[in-house]
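Residue numbers (the numbering used here): -4 to 319.
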């Protein structure tokens, strides 16, 4: 063997581990999907990134994120999920009402979700403690907070009865949410009626029905569809002078009177932590689904003024945020 052949062989051998190491350290990619818009999603993206940071992952340094948004068009979700699956992302972050579409898209890519649904009832996981399969995440269990929201709305407008509940009949948790509110209403001595809407064209008719039935206030059911239609619902509620109770700040900021629910910043931060754990090798099947630990009460004083409502001082003092 000549000296030149030896040097060439040595150089090639040295390159082999470098190539293998480059493949092993390729930057992981997270596919982040939400059913709404980039503008609506900005605070949640920031929270998700913070959670990733707590797991030692920083976007642009040691992890990349591919963002996809359905712009409130749920029928776009299968195509968005298929695109990311084809991209062979390392982890799918299915947020804002997209978990079921993610589950339908892949049984192999790890999925970290945020959902307002009961993930067991929705068929996302086998159990909260042992999810099984390729999904885990954070569930805010919004349907279990209906009685609390009714109580707060009753405190704001104690004379309001009946109180209507706007639900999406396609949501598997809608029935449980209505039952929870109805049970609380019996204790308070408040009459409750339920109206349904599952698409934008249904909203005018739903409001006509609840106004015809004499509703004096309105609870908006926990559903991504209503979040996407929050501006239209706020306009209709204002037109009929109806105080409204929502789930999250984003809906109250759009004109709702008040909202109570899990702190979504905390929910998305914890989802980011879970995604980081998966990137480090944890299996979704072994990561328990997390439940909310922080809750926010938000009151919109502008809307209260437009409705000629005086917010009870004790209620105002308990608010985590007041929009003026």
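We put the CB at the ideal spot given by N, CA and C, even for glycine. Values in this document were obtained by computation on a predicted structure and should not be read as measured data.
Alpha carbon of residue i to alpha carbon of residue j, nearest angstrom
{"i": "residue 118", "j": "residue 205", "result": "32 Å"}
{"i": "residue 16", "j": "residue 87", "result": "With a pLDDT of 36 at residue 16, under the threshold of 50, the modelled position of this residue cannot be trusted, and the question is left open."}
{"i": "residue 133", "j": "residue 35", "result": "19 Å"}
{"i": "residue 175", "j": "residue 265", "result": "27 Å"}
{"i": "residue 309", "j": "residue 273", "result": "44 Å"}
{"i": "residue 311", "j": "residue 305", "result": "10 Å"}
{"i": "residue 317", "j": "residue 227", "result": "22 Å"}
{"i": "residue 107", "j": "residue 270", "result": "6 Å"}
{"i": "residue 194", "j": "residue 220", "result": "8 Å"}
{"i": "residue 307", "j": "residue 139", "result": "25 Å"}
{"i": "residue 39", "j": "residue 27", "result": "11 Å"}
{"i": "residue 291", "j": "residue 315", "result": "6 Å"}
{"i": "residue 222", "j": "residue 246", "result": "6 Å"}
{"i": "residue 300", "j": "residue 147", "result": "18 Å"}
{"i": "residue 197", "j": "residue 85", "result": "39 Å"}
{"i": "residue 33", "j": "residue 112", "result": "22 Å"}
{"i": "residue 94", "j": "residue 61", "result": "17 Å"}
{"i": "residue 145", "j": "residue 65", "result": "31 Å"}
{"i": "residue 178", "j": "residue 184", "result": "10 Å"}
{"i": "residue 167", "j": "residue 98", "result": "16 Å"}
{"i": "residue 77", "j": "residue 214", "result": "35 Å"}
{"i": "residue 96", "j": "residue 68", "result": "13 Å"}
Own chain residues within Cβ distance below 7 Å of residue i, not counting five before or after
{"i": "residue 18", "result": "Model confidence at residue 18 stands at a pLDDT of 39, short of 50, so the residue's coordinates are unreliable; what they give is reported in the following sentence. Counting only Cβ-Cβ distances below 7 Å, and skipping sequence neighbours, we find nothing."}
{"i": "residue 321", "result": "In the structure as shown, the chain begins at -4 and stops at 319. Residue 321 is therefore absent and cannot be evaluated."}
{"i": "residue 48", "result": "none"}
{"i": "residue 229", "result": "249, 250 and 251"}
{"i": "residue 262", "result": "109, 133, 135 and 287"}
{"i": "residue 259", "result": "39 and 243"}
{"i": "residue 212", "result": "148, 152, 155, 158, 237 and 238"}
{"i": "residue 150", "result": "307 and 310"}
Close Cβ partners of residue i (< 6 Å) along its chain, the five nearest in sequence each way excluded
{"i": "residue 22", "result": "59"}
{"i": "residue 186", "result": "156 and 157"}
{"i": "residue 319", "result": "296"}
{"i": "residue 114", "result": "120, 134 and 284"}
{"i": "residue 90", "result": "29 and 109"}
{"i": "residue 71", "result": "65"}
Buried/exposed call for residue i, threshold 16 Cβ in 10 Å
{"i": "residue 127", "result": "exposed"}
{"i": "residue 165", "result": "exposed"}
{"i": "residue 122", "result": "exposed"}
{"i": "residue 182", "result": "exposed"}
{"i": "residue 289", "result": "exposed"}
{"i": "residue 225", "result": "buried"}
{"i": "residue 51", "result": "exposed"}
{"i": "residue 74", "result": "exposed"}
{"i": "residue 285", "result": "buried"}
{"i": "residue 256", "result": "buried"}
{"i": "residue 254", "result": "buried"}
{"i": "residue 57", "result": "exposed"}
{"i": "residue 320", "result": "Lying before the first or after the last residue shown, residue 320 is absent from the chain, which here runs from -4 to 319."}
{"i": "residue 116", "result": "exposed"}
{"i": "residue 218", "result": "buried"}
{"i": "residue 7", "result": "In this prediction, residue 7 has a pLDDT of 44, which is less than 50 and means its spatial position is unreliable; what the coordinates show is noted afterwards. Residue 7 should be labelled exposed."}
Selected residue, minimal CA-CA separation from residue i, among the options
{"i": "residue 325", "options": "104, 235, 83 and 176", "result": "Outside the shown range of the chain (-4 to 319) lies residue 325, about which nothing can therefore be said."}
{"i": "residue 131", "options": "180, 278, 287 and 137", "result": "278"}
{"i": "residue 100", "options": "243, 113, 85 and 80", "result": "80"}
{"i": "residue 141", "options": "159, 91, 262 and 313", "result": "159"}
{"i": "residue 302", "options": "145, 314, 232 and 147", "result": "232"}
{"i": "residue 143", "options": "154, 112 and 180", "result": "180"}
{"i": "residue 29", "options": "63, 78, 300 and 294", "result": "63"}
{"i": "residue 124", "options": "293, 283 and 300", "result": "283"}
{"i": "residue 92", "options": "198, 239, 31 and 242", "result": "31"}
{"i": "residue 44", "options": "293, 294 and 267", "result": "267"}
{"i": "residue 313", "options": "105, 294 and 207", "result": "294"}
{"i": "residue 207", "options": "237, 298, 37 and 116", "result": "237"}
{"i": "residue 280", "options": "105, 151 and 149", "result": "105"}
{"i": "residue 210", "options": "275, 83, 154 and 54", "result": "154"}
{"i": "residue 239", "options": "275, 298 and 276", "result": "298"}
{"i": "residue 55", "options": "97, 46, 24 and 72", "result": "24"}
Other residues of its chain near residue i: CB distance less than 8 Å, five sequence neighbours each side excluded
{"i": "residue 331", "result": "A question about residue 331 goes unanswered here, because the residues of the chain that appear run from -4 up to 319."}
{"i": "residue 12", "result": "Note on residue 12: pLDDT 43, under 50, position unreliable in the model; the coordinate value appears next. Here the set comprises nothing."}
{"i": "residue 199", "result": "231"}
{"i": "residue 46", "result": "263, 264, 265, 266, 267, 268, 269, 270 and 271"}
Residue i: CB within 6 Å of a non-hydrogen atom of the ligand HEM
{"i": "residue 122", "result": "Among the components of this structure there are no ligands whatsoever, and the ligand HEM is therefore not found."}
Check: Which runs of the alpha helix (DSSP H), 4 residues or longer, sit entirely within the stretch 141 to 207?
Finding: Whole alpha helix (DSSP H) segments, 4+ residues: 141 to 151, 169 to 183 and 198 to 207.
Check: Where are the beta strand (DSSP E) runs, 3 residues long or more, that stay fully inside the stretch 201 to 268, in chain order?
Finding: Counting whole runs of 3 or more residues, the stretch 201 to 268 contains the beta strand (DSSP E) stretches 212 to 215, 239 to 241 and 253 to 257.
Item checked: Minimum length 4: unbroken alpha helix (DSSP H) runs contained in the stretch 65 to 132 -> Along the stretch 65 to 132, the alpha helix (DSSP H) occurs as fully enclosed runs of 4 or more residues at 72 to 81 and 94 to 100, listed in sequence order.
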